[in-house]
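The structure under discussion appears below in the form of structure tokens.
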Amino acid sequence: MNFRKLNLAASRQGNCFFDVYQEIYLMKTSSIKSPQSLARQRSVFRLAPVAAGCAVLLMMGGTAHAQQAQTGASDAANLGTVTVTGIRASIESAISVKKNADSIVEAISVEDLGKLPDASIADSIARLPGVAAQRNIEGRASQLSVRGMPPDFATTLLNGREQVNPGDGRGAEFDAYPSELMNGVVLYKTPDSTLVGQGIAGTIDLQTVRPLKVNGRKISVGLNQKKTSVGLGPTGAGNDFSFSYVDQLLDKTLGIALGVARQSGDSTGRGVNSFDDADKTFSDGTKLPLRNSVTELSRLSKFTRQGVMAVVEFQPTKDFTSTLDLFSSTADRRTLGHQVAFPKFNEGTTLSNATLSNGVALAGTVSGVSAIVQTIGQQQNDDNTAIGWNNKFKLNKEWSGVIDLSRSKSRRTEVDIDSNAVTGTKGDLTFDSRSDIPQFGYSLNMADASTLLLGNTPWGLGWLKKPSIDDSMKSLRAELKRSLDTPYFSSFVVGVNFSDRSKVLGMTEGSLSLQNNAATAALPSSSVVNAGIPGINVLGWDSIALIDSVYKYTDMGDQSWAIMKNWSVKEKVTTTFAKLDIDTTAAGIPVRGNIGLQVVKTDQSSKGLNDTTVATWGNPDGNRFDVKQTLDKSGGKAYTDVLPNLNLVFDAGNSQVVRMGLGKMLARPGLRDLRANAIFECWSPASDPKSCSGNHSGSGGNPELEPFRASTFDVAYEKYFGKRAYIAGAAFYKDLQTFIYQQKFKSDVLSSKYGLTGYPTLDYTGPMNGQGGTISGFELTANAPFDLISPALAGFGAYINHSNTHSSVNIPNAAGGSADNMELPGLSKQVTNLSLYYEAGGFSARVGQRTRSDFIGEFTDNQYERQLTYIRGERIVDMQVGYEFKSGPAKGLSLTFQANNLTDAVFQKYIVNADGSQQTTESAKYGKAYMLGATYKF
């Protein structure tokens with residue numbers, strides 16, 4: 052007996068660009084809920100939105116039950132015959148995906164291609180329960196944390212196939228995926244044995260359109276005009292263009308889909324940065340309120356991204372379907388960071404007019420401070436392609452199969468240049484640290500082209516780096532499925548997936564000098580830029596344009612410290628899987644779900660270098676090397692994991708569903724951590740040649756790392772109100788048996804490998820498998836139109852979700868400050884998303900807010916190394932209004948106005964000290980962004 056409900060979606064027509072954007076908010080299909088409701092219109096942005104949501108939910112629940120009792124089954128029948136569009140259509144489609152899934156999932160459903168105006172799909176996914184976004188240097192959502200875990204713990208698929216990325220980690224860079232080319236997203240929160248490449252945190256499956264499932268020809272053209280960095284200055288501008296075409300040919304046996312999306316524009320980010328040494332004092336013993344070097348920075352970015360999606364779906368018979376998926380995106384970024392720096396401004400200077408508190412100068416004037424004006428240029432080019440060929444065939448009434456071939460490839464090339472200029476004189480620096488963002492002023496004119504010259508500074512003349520990353524994966528999947536007619540199981544699936552991945556990071560870098568060996572040079576061309584917040588006027592120039600024309604580059608790529616930044620990692624993974632689909636009854640309760648098993652065999656390897664230096668300085672003949680050796684190094688490890696899983700869905704009656712999921716999962720180590728490189732250094736003065744007092748350290752990767760492993764348990768309750776609304780609550784528990792983190796230990800390599808005696812052991816830092824911990828939490832969601840409360844509120848609705856996550860993972864602090872330990876990277880203990888909308892007569896409006904608490908994020912620093920840092924929680928507010936013409940000569944036209952980051956949320960990094968105190972190290976603002984768009988659907 053089959054209890055599955057197929058709930059075929061009604062045909063949908065006439066959506067506006069704006070509608071789909073909101074569907075993203077509302078289509079929400081959550082996996083964890085508990086009685087919690089829609090926030091009142093006035094309470095949407097109060098400090099306690101979850102409590103407000105609960106109150107409204109109780110009202111909605113009682114009213115909805117009363118209405119259902121009055122209307123009976125006839126209303127349910129009518130719901131199936133009404134054609135809905137816009138926000139409601141998106142909600143119903145996403146609810147259908149969630150309700151009929153055998154796992155705990157969240158979903159984003161889009162009616163037609165080209166409907167999501169988000170800059171990247173990350174903005175949309177970040178509104179799902181338990182998901183939080185991290186902004187990049189341009190202020191855009193780029194990386195995602197699921198259920199409080201690092202981005203590398205969540206795997207990204209495209210049409211069910213694992214994807215590579217142009218960065219140096221595993222976590223997807225969602226900037227590569229234009230939202231206009233996506234037709235939906237499913238976030239799996241519990242394991243499924245047929246889901247290859249799944250992550251411990253979750254698995255994000257981006258989906259493009261299946262043209263044979265679309266009703267008729269669909270053509271859409273969209274154009275958006277944007278203003279960025281509004282209120283911050285200088286204001287940027289840009290435009291987006293999208294086109295989509297979906298059709299069915301040859302008597303609907305051939306489906307084709309084509310999507311093109313182009314985005315271009317410029318933007319500004321302003322920041323204040325504090326770095327170098329902490330806990331320093333002025334000459335009179337007064338303490339600094341921040342670190343002893345600061346910069347005021349304005350970053351001007353130009354961004355162009357082009358994406359193409361194509362699908363060819365061929366179904367000559369009902370027993371065979373062949374689908375070819377093609378995806379390509381290119382992104383070009385050109386960024387110029389104009390800044391004025393005051394290195395170690397406490398040394399050799401005099402403090403006056405100080406405002407003191409407990410011996411700390413909160414504000415004051417520092418005389419005799421040198422300044423460096425710097426332009427940091429970055430040209431970055433990304434190229435991402437993915438191709439997949441899927442063939443589904445039915446052998447007979449019981450047996451069917453799938454063969455899938457795919458390849459994903461990414462390449463990044465980059466040029467980074469630091470160009471430095473000085474005035475040769477010193478001035479007075481004023482500072483005030485009593486506000487959230489420290490304020491600075493400088494007495495000298497840093498925008499005077501007659502006195503500012505390119506020349507040598509404490510940071511040198513300049514530096515040039517040329518990193519590149521190549522990442523590719525080839526996969527082959529084959530599976531067989533047999534339908535079963537038993538009281539317990541409906542089908543059985545068995546299959547295997549082979550994948551072969553290779554990631555290579557190349558780096559060459561070196562110092563800059565001026566042409567003709569000149570000591571200084573005038574700036575060829577420049578303009579005045581206000582750097583920082585509120586800012587100091589400086590001269591800004593295009594440092595990238597000065598390569599070869601003004602500067603000479605000395606390539607130091609053959610130096611051991613530079614060679615050590617190059618690495619390659621390979622992974623070959625064989626996943627054998629089997630699954631039984633459950634369809635039965637237990638004590639009269641319909642039960643469905645699955646029980647499955649994955650056997651994952653991983654063979655990882657890396658090639659790199661082992662570099663050892665034992666040397667002294669201060670000798671009459673210069674540096675003397677006792678050991679100077681660079682050798683090829685390789686390593687690897689093979690391991691096998693057995694991963695069982697179980698998903699059960701209980702139909703509790705009255706549109707109530709109870710879900711349970713449990714299993715074992717893994718997340719493979721970060722690719723950078725797997726590098727085989729290792730470097731050891733011992734530098735000593737000639738007067739004490741075996742002391743290693745100059746440097747006695749080592750660092751590197753570990754190609755023998757084993758994966759993160761976890762046992763997981765999930766439970767969820769969902770209550771549906773027809774097709775239009777639901778409330779849900781869920782709880783999860785993950786037991787991480789192992790965790791990978793940077794460990795410090797003593798290395799006796801000098802004696803054990805080189806036979807040197809009398810030397811100290813070296814302090815080596817590298818990734819190691821260590822003790823794990825637990826991650827647990829709950830998620831609450833409510834999504835409903837307000838006419839369930841009263842017909843007078845027709846058109847209004849709300850969507851709210853809240854997650855609370857706790858982790859016992861406690862690892863050595865690598866995020867800055869003197870604290871000994873830190874929490875799990877990526878963990879925000881609280882994440883809340885709230886959206887209130889209105890839709891009627893073609894008009895639509897929405898205001899939304901997403902909030903996350905403090906967390907530890909990860910960035911690539913100026914040495915092209917991954918660094919952890921504490922990041923303060925933030926609240927992002929967006930709004931949209933739109934109108935769709937449903938009749939007349941403009942029928943098919945939709946107009947949208949969108950405003951993002953309305954509160955201009957501050958992005959801040961900080962460090963944590965041993966006494967628990969926090970110190971802000973960087974503050975940045977990106978301004979508001981406005982978009983006016985038009986979409987025409989043929």
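Take 52 as the starting number for the sequence shown in our numbering and just add one per residue.
Cβ atoms here follow ideal geometry from the backbone N, Cα and C, with glycine treated the same way.
Considering only DSSP beta bridges, list what residue i is partnered with.
i	result
A382	R356 and D433
K603	S564
L697	I646 and L713
Q707	G704 and K770
L597	Bridge partners of L597: none, in fact.
W618	L556
G284	None, per the DSSP bridge assignment.
M524	S459 and R552
V957	Paired residues: none, contrary to the question.
I862	M873
T825	D786
T206	T254
M819	Y792
P836	G848
Compare the C-alpha of residue i against each of the options and name the closest.
i	options	result
F10	M558, L515, V932 and N404	Since the first residue shown for the chain is 52 and the last is 989, residue 10 is missing from the structure and cannot be characterised.
R903	D799, E398, G877 and G687	G877
K795	G821, Q970, Y981 and C733	G821
A183	P940, T856 and Q918	T856
V547	K652, N568 and R463	K652
D226	V237, S461, E347 and I142	S461
K937	S895, V281 and G773	S895
L339	S147, T401, I922 and N952	T401
V579	G284, N151, S968 and Y921	G284
A582	T911, Q969 and L351	L351
Q949	V963, Y961, G933 and A941	G933
G647	N661, N216 and T626	T626
Q431	F354, H389, R321 and S501	F354
R760	S706, T825, R723 and R775	T825
D966	V800, V265 and D330	D330
T26	I188, A718 and E530	This structure gives no information on residue 26, because the portion of the chain shown stretches from 52 to 989.
A392	S160, V589 and G749	V589
S542	T559, D522 and I633	I633
L238	K684, G939 and V156	V156
N852	P836, T832, D871 and L531	T832
A223	I176, G267, T241 and G190	I176
L631	T971, T667, E757 and D536	D536
L682	K658, A703 and D298	K658
E449	A776, A629, A192 and V544	V544
A782	G823, P641 and F829	F829
P818	P758, F292 and Q425	P758
Which two residues bound the contiguous beta strand (DSSP E) that contains residue i?
i	result
V237	G235 to Y239
S451	W450 to V473
T571	T571 to A573
E909	F906 to T911
A985	K979 to K988
M200	Segment: none, M200 is in no beta strand (DSSP E) and carries neither H nor E.
T502	Element bounds for T502: n/a, residue is neither H nor E.
Y888	Q881 to A891
F482	G478 to D483
Along the alpha helix (DSSP H) that carries residue i, what are the first and last residues, could you check?
i	result
A173	I172 to I176
L992	Here the chain has residues from 52 to 989 only, and residue 992 is not among them.
V800	V800 to S803
Self-check item: the stretch 374-384 / the stretch 522-533 touching (three or more Cβ pairs under 8 Å)
Solution: No contact exists between the stretch 374-384 and the stretch 522-533.
Practice problem: Let me know the beta strand (DSSP E) ranges lying completely inside the stretch 262-311, each 3 residues or longer, listed in chain order. | Solution: Taken in chain order, the unbroken stretches of beta strand (DSSP E) that lie wholly in the stretch 262-311 and span 3 residues or more are 269-281 and 287-300.
Exercise. Indicate whether the contact test is met: 3 or more Cβ pairs, each with one atom in the stretch 363-373 and one in the stretch 300-318, closer than 8 Å.
Key: They touch, by the three-pair rule.
Quiz item: For the stretch 441-450 against the stretch 370-377, are there 3 or more C-beta pairs whose distance is under 8 Å?
Solution: Contact between the stretch 441-450 and the stretch 370-377 is present, because at least three Cβ pairs lie under 8 Å.
Quiz item: Contact between the stretch 564-580 and the stretch 485-505: three or more CB pairs below 8 Å?
Solution: By the Cβ test, the stretch 564-580 is in contact with the stretch 485-505, since at least three Cβ pairs between them sit closer than 8 Å.
Exercise. Answer yes if the stretch 763-773 comes into contact with the stretch 798-806, meaning at least three C-beta pairs across the two stretches below 8 Å, and no otherwise.
Key: No, they do not touch.
Quiz item: Between the stretch 320-330 and the stretch 341-349, are three or more C-beta pairs nearer than 8 Å?
Solution: Under the 8 Å Cβ criterion, the stretch 320-330 counts as touching the stretch 341-349, having at least three qualifying pairs.
Exercise. Assess, as a yes-or-no matter, whether the stretch 183-192 is touched by the stretch 255-269 under the definition of 3 or more beta carbon pairs within less than 8 Å.
Key: No, because fewer than three Cβ pairs between the stretch 255-269 and the stretch 183-192 fall closer than 8 Å, the two stretches do not touch.
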